[in-house]
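Asks: I am attaching a structure below and will ask some questions about it afterwards.
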Amino acid sequence: MSNKETEILDEKPIDFIRAKIKEDIANNKNEGRVHTRFPPEPNGYLHIGHSKSINLNFSLAKEFGGKCNLRFDDTNPSKEEVEYVDSIKRDIKWLGFDWADREYYASDYFDEIFEYAVILIKKGKAYVDSSSMEEIKTSRGMPTSPGVESPFRNRSVQENLDLFERMKNGEFKDGEHVLRAKIDMSSPNMNMRDPVLYRIKNESHHRTGDKWCIYPMYDMAHGQSDSIERITHSICTLEFENHRPLYDWLIKEIEIFPPQQIEFARLNISYTMMSKRKLLLLVQEGIVDGWDDPRMPTLSGMRRAGYTPEAINSFAEGVGVAKRNALVDVAKLEHSLRDHLNKITDRRMAVLNPLKVTITNYPGDQTEELEAINNPEDETAGIRKLPFCSELFIDRDDFMEDPPKKYFRLSPGNEVRLKYAYFIKCEEVLKNDSGEVIELKCTYDPETKSGTGTSTRKVKSTIHWVSARHAFDAEVRLYDRLFSVEDPASTKDGKDFRDVLNPNSLEILSACKLEPSLQEAKSEDKFQFERLGYFCVDSKYSSQGKPVFNRTVTLRDTWARINKK
RNA sequence: UGGCCGAUAGUAUAAUGGUAGUACAUCGGGUUUUGGUCCCGUCAGUGGGGGUUCAAAUCCUCCUCGGCCAGCCA
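Counting from 27, one number per residue, gives the positions in the first sequence under my numbering.
Pasting the structure below:
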């Protein structure tokens, strides 16, 4: 390969954040140090949108020889719970990222942050406002018109210090006072109109218990926590862009280490939504079966559905990083998923909607063992034995009594291959009184045994099957997208996301016939059911010897597309 | 009638004044004991008007469109 070609191959596209970091390193900013953090609020489960941020922050640290902290932004005790902390840690680990011993909490810094507030008060840059919430709201003005200053704005430093101390000591009820920054009530940036820094909440905190009854707002805690941790690049989403001037103002006035905030567009995916608040509603209203329902875009839901961390990370890296609001096609996610699952999963035979087939010329009492390849993409996966006899099940989709032109599967008089077995031909169709097909009588050709190469005849289709005498019954759950519209979070005409649910997002099949080897499958084991899709043993409803399978994603289905037209 | 940010094929993302490229999707073909995978091909783009320049997706300007901001949420 020539030098030029090598260069081209090495030229991975660089996003604007990496470009900025490279520049900072070149300028020896922070002595060339790179330190990031992933800062979730423990008020819900992590979702696929977070995986972009997790991947970005941890990858950045790795690529530039730095570190990435895990920090919980737990400044609002009314919404945060230990359950969420635990799930978040589990999900990040599952994705494969490691914060080593750097597990931090904004609540660990409450003492420092309190002192920062005192510094601001002493500098005359913050004051205690005793206005009501309503008064503060009104006096803030509108984005297009300036606000007015609070009557409490010019309290003396001494009075502010005293009041703030008494706020801390629990002398007041919720809402009686707040601490505000003294900046500019006429600023065109609403965040600079004397933002609230501290509020009184007589509530227990999941970590600090009853130590505090005042809690810093996000704006008073986030940048300060970054600073304490010596974060060099504070990566966040676009909606915090308007907060950056305040972030910088506070850091400057408190005179502490200045991290650089950089904003990028959050991930949106078609046919789903990322709002934690709305996802919580789905859970609370019982629309889904918990945060880990396989239809949820949460990492725990996706894990239960059968997603792999590799698939999610490769997707997260593939969507790119930019500042434009984007809606990524869910097909891209599914592509990453299939791509990985195709390489790693063993193939198995499973019949979802069984149709009985009797091979009339196969000895009724005979059983033979046929060889099947576990994974054509991976030779080391080996082979297994499949029992075959005269009584089989095939999928109802693989038979049509009156097929259209391009239908290659089984139909009266037509011949197909049973994968890893023989050619069979449909000779007779048995129906019940209501005209429903209940059984097929077929003949097989002993010369066409799989692998022997003794037949030169060709068939246009190979279908999957199981032995009726050896298969076991199992429940299989077919999942589809939860929503029927591209962007369920922004519906029009007074509708909301609950009005655009896909009524067919879950179909439970309780009489599926699976090949025997599947019986001992363990929780979270993944397989490709030949010709159907990828399936994963459900971690919630399976029991020993009685696995329940979740469909992770279908195979690409060219026939379904042709058929649709 | 404020401020900030953004706009490149259907979708997402590159090109940092010099041949508009990649991935997904679509469509077509080849291989195939999965209508899968794999391989090959196809389709298709710089929001609009002015300006600077030998040369503009890129710089300037005006416009249009979209997002965010009026929590004691994050």
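Beta carbons are placed, not taken as given, at the ideal position from N, Cα and C, and that holds for glycine.
Since the model is a prediction, treat every value here as computed from it, not as a measurement.
#1: For Ile51 and Gly58, what's the separation of their Cα atoms in angstroms?
#2: Would you mind working out which of Asp188, Pro380, Val347 and Asp245 sits nearest Asn268, comparing C-alpha positions?
#3: Rounding to the nearest angstrom, what Cα-Cα distance links Tyr560 and Glu403 in this structure?
#4: Grab the span of the beta strand (DSSP E) containing His614 for me, first residue to last.
#5: Restricting to runs no shorter than 4 residues, where is the alpha helix (DSSP H) found entirely within the stretch 84-155?
#6: Which same chain residues, not among the five before or five after Leu189, have their C-beta less than 7 Å away from its C-beta?
#7: Could you check whether Val111 and Phe98 sit closer than 8 Å to each other, using their CB atoms as the reference points?
#8: Which residue's Cα is closest to the Cα of Ala357: Asp471, Thr298 and Glu160?
#9: List the endpoints of the continuous beta strand (DSSP E) containing Trp382.
#10: Is DSSP giving Asp506 helix, strand or coil here?
#11: Consult DSSP for Val595 and reduce its assignment to one of helix, strand or coil.
#12: Counting only runs that start and end within the stretch 465-550, where is the beta strand (DSSP E) found for 3 or more residues in a row?
#13: Once DSSP output is grouped into helix, strand and coil, what is the label at Arg582?
#14: Assess contact between the stretch 251-258 and the stretch 224-235, defined as three or more Cβ pairs (one per stretch) separated by less than 8 Å. Is contact present?
#15: Using a Cβ-Cβ cut-off of 7 Å (strictly less than) and excluding sequence neighbours within five positions of Met218, which residues of its own chain qualify?
#16: Given Glu395, which residues of its chain have a CB within under 8 Å of its CB, disregarding the five upstream and five downstream residues?
#17: Mapping the DSSP letters down to three states, classify Arg364 as helix, strand or coil.
#18: Which of the three DSSP states is assigned to Gly571 in this structure?
#19: Check whether the Cβ atoms of Val492 and Leu540 sit closer than 8 Å, and answer yes or no.
#20: Taking the alpha carbon of Asp236 as the reference point, which residue from Pro103, Gly461, Glu49 and Arg374 has its own alpha carbon closest?
#21: Using only CA atoms, which one of Ile118, Ile338, Asp423 and Leu456 lies nearest to His361?
#22: Rank Lys105, Lys302, Arg557 and Asn530 by C-alpha distance to the C-alpha of Asn368 and give the top, closest one.
#23: Whose C-alpha, out of Lys199, Ser296 and Ala207, is nearest the C-alpha of Arg507?
#24: Which residue from Gly316, Asn379, Lys590 and Leu544 puts its Cα closest to that of Ser569?
#25: Based on the DSSP secondary-structure assignment, which residues constitute the bridge partners of Gly312?
#26: Looking at C-beta atoms only, is the number of pairs between the stretch 481-491 and the stretch 426-440 that lie closer than 8 Å three or more?
#27: For Ala376, I'd like the list of residues in its chain whose CB is within less than 6 Å of its CB, leaving aside the five on either flank, ordered along the chain.
#28: So what's Lys432 in DSSP terms, helix, strand or just coil?
#29: Check whether the stretch 515-529 touches the stretch 326-337, taking contact to mean three or more Cβ pairs, one atom from each stretch, closer than 8 Å.
#30: To the nearest angstrom, how far is the alpha carbon of Gly292 from that of Glu546?
#31: Buried or exposed, going by whether 16 or more other CB atoms sit within 10 Å of the CB of Ile40?
#32: In terms of residues, what are the limits of the beta strand (DSSP E) holding Lys457?
#33: Is it the case that the Cβ atoms of Lys105 and Asn69 are separated by a distance below 8 Å?
#34: Would Leu466 and Phe425 qualify as a contact pair, given that the criterion is a beta-carbon distance under 8 Å?
#35: Would Ala87 and Lys93 qualify as a contact pair, given that the criterion is a beta-carbon distance under 8 Å?
#36: What do you get for Ile420, buried or exposed, if any count of 16 or more other CB atoms within 10 angstroms of its CB means buried?
Replies: The answer reads as follows:
#1: Here residue 51 refers to the residue found at position 25 when the first sequence is read from its first residue. Here residue 58 refers to the residue found at position 32 when the first sequence is read from its first residue. Their Cα atoms are separated by approximately 4 Å.
#2: Walking along the first sequence from the start, residue 268 turns up at place 242. Closest option to Asn268, Cα to Cα, is Asp245.
#3: As a working note, residue 560 is residue 534 in the first sequence. As a working note, residue 403 is residue 377 in the first sequence. Those two C-alpha atoms are separated by around 15 Å.
#4: This structure leaves residue 614 out entirely; the chain is present only between 27 and 591.
#5: DSSP runs (the alpha helix (DSSP H)) wholly in the stretch 84-155: 108-121 and 136-148.
#6: In the first sequence, counting from the first residue as 1, residue 189 sits at position 163. Closer than 7 Å at the Cβ level, and outside the excluded window around Leu189, lie Val154 and His203.
#7: Counting from 1 along the first sequence, the entry for residue 98 is found at position 72. Counting from 1 along the first sequence, the entry for residue 111 is found at position 85. In this structure, Val111 lies closer than 8 Å to Phe98 by Cβ.
#8: As a first step, residue 357 is located in the first sequence; it is residue number 331 there, counting from the start. Nearest C-alpha to Ala357: Thr298.
#9: Here residue 382 refers to the residue found at position 356 of the first sequence. Reading the sequence as shown, one finds Lys at residue 382 and not Trp. Its beta strand (DSSP E) spans residues Pro380 to Ile385.
#10: For the purposes of this step, residue 506 is taken as residue 480 along the first sequence, with counting starting at 1. Residue state for Asp506 is assigned as coil, using DSSP reduced to three classes.
#11: There is no way to answer for residue 595, as the model of the chain reaches only from 27 to 591.
#12: If we require 3 residues or more, the beta strand (DSSP E) runs fully inside the stretch 465-550 come out as 498-505 and 532-540.
#13: As a working note, residue 582 is residue 556 in the first sequence. For Arg582, the three-state secondary structure derived from DSSP is coil.
#14: Flag = no, the stretch 251-258 and the stretch 224-235 do not touch.
#15: What you label residue 218 is simply residue 192 of the first sequence in a count that begins at 1. Ile209, Asp210, Pro271 and Leu272, listed in sequence order.
#16: The count along the first sequence starts at 1 and reaches residue 395 at position 369. Within the same chain, Glu395 has close Cβ partners Lys411, Leu412, Pro413 and Phe414.
#17: Translated into the one-based positions of the first sequence, residue 364 becomes position 338. Note: Arg364 maps to helix in three-state DSSP.
#18: Position 545 of the first sequence holds residue 571. Three-state result, Gly571: coil.
#19: Within the first sequence, numbered from 1, the residue matching residue 492 stands at position 466. Within the first sequence, numbered from 1, the residue matching residue 540 stands at position 514. For Val492 and Leu540, yes; Cβs fall inside 8 Å.
#20: Looking up residue 236 in the first sequence gives position 210. When Pro103, Gly461, Glu49 and Arg374 are compared, the shortest CA-CA separation from Asp236 is found for Pro103.
#21: The count along the first sequence starts at 1 and reaches residue 361 at position 335. Minimum Cα distance to His361 is reached at Ile338.
#22: The residue you call residue 368 lines up with position 342 of the first sequence. Of the listed residues, the one whose Cα sits closest to Asn368 is Arg557.
#23: Position 481 of the first sequence, counting from 1, holds the residue named residue 507. Relative to Arg507, the option among Lys199, Ser296 and Ala207 whose CA is nearest is Ser296.
#24: Along the first sequence, one-based indexing puts residue 569 at 543. Ser569 has its Cα closest to that of Leu544, out of Gly316, Asn379, Lys590 and Leu544.
#25: Counted from its first residue, the first sequence places residue 312 at position 286. Bridge partners of Gly312: none, in fact.
#26: A contact between stretches requires three or more CB pairs, one per stretch, nearer than 8 Å, and the stretch 481-491 meets this requirement with the stretch 426-440.
#27: Residue 376 sits at position 350 when you count from the first residue of the first sequence. Taken in chain order, the residues that qualify are Leu540 and Phe555.
#28: Mapped onto the first sequence, residue 432 falls at position 406. Of the three classes helix, strand and coil, the one that applies to Lys432 here is coil, per DSSP.
#29: Output reads no: the stretch 326-337 does not touch the stretch 515-529.
#30: Within the first sequence, the letter at position 266 stands for residue 292. Within the first sequence, the letter at position 520 stands for residue 546. The amino acid at residue 292 is misidentified as Gly; the sequence shows Arg. Their Cα atoms are separated by approximately 41 Å.
#31: Residue numbering aside, residue 40 sits at position 14 when the first sequence is read from its first letter. By the neighbour-count rule (16 or more Cβ atoms within 10 Å), Ile40 is not buried but exposed.
#32: One-based indexing of the first sequence puts residue 457 at position 431. Taken as a continuous stretch (DSSP letters only), the beta strand (DSSP E) holding Lys457 covers Phe449 to Lys457.
#33: Residue 105 sits at position 79 when you count from the first residue of the first sequence. Residue 69 sits at position 43 when you count from the first residue of the first sequence. In contact: Lys105 and Asn69 (Cβ atoms closer than 8 Å).
#34: Sequence index remark: in the first sequence, residue 466 carries index 440 (1-based). Sequence index remark: in the first sequence, residue 425 carries index 399 (1-based). In this structure, Phe425 lies closer than 8 Å to Leu466 by Cβ.
#35: Sequence index remark: in the first sequence, residue 87 carries index 61 (1-based). Sequence index remark: in the first sequence, residue 93 carries index 67 (1-based). Taking 8 Å as the Cβ cut-off, Ala87 and Lys93 qualify as a contacting pair.
#36: In the first sequence, residue 420 corresponds to position 394, counting from 1. Under this definition Ile420 is a buried residue.
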